[in-house]
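These notes concern the structure reproduced below.
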Amino acid sequence: MLVGEANKAGLSSRADLAVLGEAGRDCLVVQRRQCEDWFVVVAHRRSAASARAWIEAHYQGVRWRSPVECTALVGRVRMPSR
């Protein structure tokens, strides 16, 4: 099943993600699903670069809008690789 098909089937939705922090300080990765009004802290990292790498490793379909804001697919079960 392709990502687009999974999304149409209701198996995933898009979430907004942001990296919060200042240069040279620890950063938080926060997530907000499009159906929710609040953000949830999902990770704490030592830098913005490591926070972005964490997002890329833990989410599928990541689309960066800026160096600190993106959307990604959530709620989808990963298909086993063959």
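Residue numbering for the sequence shown follows this note's numbering, starting at 115 and increasing by one per position.
Beta carbons: idealized from backbone N, C-alpha and C, even for Gly.
None of the values given here were measured: they were computed from a predicted structure.
So, helix, strand or coil for residue i, using DSSP?
i, result
"A137", "coil"
"S161", "coil"
Leaving out five residues on either side along the sequence, give the residues of the same chain with a beta carbon under 8 Å from the beta carbon of residue i.
i, result
"A186", "R128, A129, L131, I169, Y173, Q174, G175, V176, R177"
"Q148", "S127, R128, A129, D130"
Note the first and the last residue of the continuous beta strand (DSSP E) segment covering residue i.
i, result
"E150", "Run containing E150: none; DSSP gives neither H nor E here."
"V208", "In the structure displayed, the chain extends from 115 to 196; residue 208 sits before or after that span and is not available."
What does a CB cutoff of less than 6 Å around residue i pick up in its chain, not counting 5 residues either side in sequence?
i, result
"C155", "One point to set straight first is that residue 155 is Val, not Cys, in the sequence displayed. Same-chain partners within the cutoff: L142, V144."
"A135", "The sequence shown places Gly at residue 135, not Ala. Within the same chain, G135 has close Cβ partners C141."
"G189", "S126, S127"
Roughly how many whole angstroms lie between the Cα atoms of residue i and residue j?
i, j, result
"A171", "R146", "18 Å"
"R160", "D140", "4 Å"
"P181", "V133", "8 Å"
"A162", "A137", "8 Å"
"R166", "W152", "21 Å"
"C184", "E150", "16 Å"
"A157", "S164", "10 Å"
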